[in-house]
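Report on the following structure.
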Amino acid sequence: MRNAILICVRPVTSAMKERESTEHCQRKVHVNRSHPEGVPLCGMFSYIHDMDIVIECLVPLMVDVSGMTKIMNSVLYMNEIRALLDRIRDDFYSLRNSNDIKMLEKYANSGKKSSTIYVCVMYILTVAFLLMPLQPLILQVTNVTRPMLHRVEYYVDMEKYYFHILIHGYFTAIICVTSIVATDAIFVIFMRHACGLFIITGSRIEQAVQEIYLTSDVNPPIIKDTAYRNMIQCVHDHRAAIRFVNLIEIVYSKHFLFHAGLNMIAMSVTGVGAVTKSNDLSELLRLIAVSCALLFHLCFECINAQRLIDYSGYLHTNLYVFHVLAKCEQALICNCRINLNWYNASPRTKKLVLFMMMKTQPPCVLTAGGMFVLCMETFATVR
3 MRNAILICVR PVTSAMKERE STEHCQRKVH VNRSHPEGVP LCGMFSYIHD
53 MDIVIECLVP LMVDVSGMTK IMNSVLYMNE IRALLDRIRD DFYSLRNSND
103 IKMLEKYANS GKKSSTIYVC VMYILTVAFL LMPLQPLILQ VTNVTRPMLH
153 RVEYYVDMEK YYFHILIHGY FTAIICVTSI VATDAIFVIF MRHACGLFII
203 TGSRIEQAVQ EIYLTSDVNP PIIKDTAYRN MIQCVHDHRA AIRFVNLIEI
253 VYSKHFLFHA GLNMIAMSVT GVGAVTKSND LSELLRLIAV SCALLFHLCF
303 ECINAQRLID YSGYLHTNLY VFHVLAKCEQ ALICNCRINL NWYNASPRTK
353 KLVLFMMMKT QPPCVLTAGG MFVLCMETFA TVR
């Protein structure tokens, strides 16, 4: 029996060890290709006892996680996002008033411009981050070690495959940033459309006010009470706008909570890294570019959420004053006069006005998991 066991046991030679080691490395390289976020993770685990290197690896890892979770959130809430897009399409088809269509197109174009600015700024900061490893090549410095985009571990000869690894890092960084800006651009489309819905509802309230002012009969029959019918339509429009915002809240609430926490951690880690790398100018500039991108991303989300608060609160203001929009879009009340025409309305219309006042008193907000409201005050606190 002992001899049989000895015969069945295959001796382990150095060639077999080398082959197993090669296969192990190939499996790791295959995993790194399939999951790019694993590359900085492997680089971090290789130097787990060096805190400076761990901090250096955390920043790109968090950016990769941010892009991955944005795509995952879009996939998980695909039906809700499709419902929001269908609602935008239906709103454009259902509007009959040319002024309402122009107003909705105005806010759609405004969202397009802000999205373009956001995408350009994010890509400019990304390019600034990507160009830092090329500095020795551009300056033709040969007596320094060729830097990587960030610390990685591919389990191959890093000097031999330097350009291959660098190009792979460039592609993964661009894909990650593209996933972030693409999902944020869709978010801007939703937010600007919601603002347009509130503005259209406000303009219809203004038309109802003017009809009350021109009506001589204090209590007309319900068939002839045009102001009452218009106010009913305003109530339906306001409820539809609130449902649209609630659907946005469902899609992005948990997403905002995760990314707000991730942004704060990433900015803290980047700040610590900037202090430790203060003597290395190129590394310091890279960390500054990352910090600016993180701060700008958070500011971008808070600005759009603040717009929603302002424009939904505009309805409540519009029930008290006759509002005339000035050229400055941010001025919610310009060239206005006190609206005292409600006393001419019929009793049924007055009840609708009181109902609208109660419904518009708390403005629509976006929250981060229901824990805090996204607005410029929140951004100032986080910053």
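Its first residue numbered 3, the sequence shown is counted upward by one per residue in our numbering. Quick reminder that beta carbons are idealized off the backbone N, C-alpha and C, glycines included. Bear in mind the structure is a predicted one, so any value in this text is a computation, not a measurement.
Just to confirm my understanding: we take residue i, look at its own chain, exclude 5 residues before and 5 after, and list those with CB closer than 6 Å. What are they?
{"i": "T351", "result": "A229, Y230 and M233"}
{"i": "G113", "result": "V190, I191 and R194"}
{"i": "I103", "result": "L97"}
{"i": "R309", "result": "C197"}
{"i": "Y79", "result": "V253"}
{"i": "N101", "result": "none"}
{"i": "F302", "result": "Y120"}
{"i": "F94", "result": "none"}
What are the partner residues of residue i, as DSSP defines its beta bridges?
{"i": "M123", "result": "The identity of residue 123 in the sequence shown is Val, whereas the question assumes Met. None; V123 has no bridge partner."}
{"i": "V375", "result": "T369"}
Excluding sequence positions up to five away, which residues of its chain have a Cβ less than 8 Å from the Cβ of residue i?
{"i": "H318", "result": "M359, T362, Q363 and P365"}
{"i": "K115", "result": "none"}
{"i": "D227", "result": "S348, R350 and T351"}
{"i": "I267", "result": "M64"}
{"i": "E379", "result": "none"}
{"i": "D239", "result": "L199, I202, T203 and R206"}
{"i": "E83", "result": "Just to set this straight, residue 83 is Ile in the shown sequence, not Glu. For I83, where only same-chain residues beyond five positions count, the Cβ hits under 8 Å are S76, I188 and V253."}
{"i": "A307", "result": "M193, V367, L368, V375, L376 and C377"}
{"i": "G273", "result": "S293"}
{"i": "S255", "result": "L368, T369, A370, G371 and G372"}
{"i": "K296", "result": "Reading the sequence as shown, one finds Leu at residue 296 and not Lys. Closer than 8 Å at the Cβ level, and outside the excluded window around L296, lie N265, A268, M269 and T272."}
Give the secondary structure of residue i by DSSP, where H, G and I count as helix, E and B as strand, and everything else as coil.
{"i": "E161", "result": "coil"}
{"i": "D66", "result": "helix"}
{"i": "Y79", "result": "coil"}
{"i": "L286", "result": "helix"}
{"i": "S348", "result": "coil"}
{"i": "N101", "result": "helix"}
{"i": "Q308", "result": "helix"}
{"i": "Q363", "result": "coil"}
{"i": "K72", "result": "helix"}
{"i": "C336", "result": "Residue confidence for C336 is low, a pLDDT of 38 falling below 50, so the modelled location carries little weight and cannot support an answer."}
{"i": "S181", "result": "helix"}
{"i": "N281", "result": "coil"}
Does at least one heavy atom of the ligand MG sit under 7 Å from the Cβ of residue i?
{"i": "L297", "result": "Judged by which ligands are present, the structure shown has none, so any question about the ligand MG falls away."}
Apart from the five residues on each side of it in sequence, which residues of its chain come closer than 7 Å, Cβ to Cβ, to residue i?
{"i": "L287", "result": "M134"}
{"i": "K279", "result": "E285, L286 and L289"}
{"i": "L334", "result": "Residue placement at L334 is poorly supported in this model, since its pLDDT is 40, which falls under 50; the coordinates are not used for a value here."}
{"i": "A85", "result": "L249"}
Enumerate, from N- to C-terminal direction, the unbroken beta strand (DSSP E) stretches of 3 or more residues contained entirely within the region 219–259.
none
Counting Cβ pairs closer than 8 Å, one from the region 240–251 and one from the region 192–203, do we hit at least three?
yes
Between the region 367–377 and the region 254–262, can you find at least three pairs of beta-carbon atoms closer than 8 Å?
yes
Would you check if the region 177–185 and the region 88–101 touch, i.e. whether three or more CB-CB distances between them fall below 8 Å?
Note that the region 88–101 does not touch the region 177–185; fewer than 3 beta-carbon pairs, one per stretch, sit closer than 8 Å.
Inter-stretch contact (C-beta, 8 Å, three-pair minimum) for the region 125–133 and the region 289–306
yes
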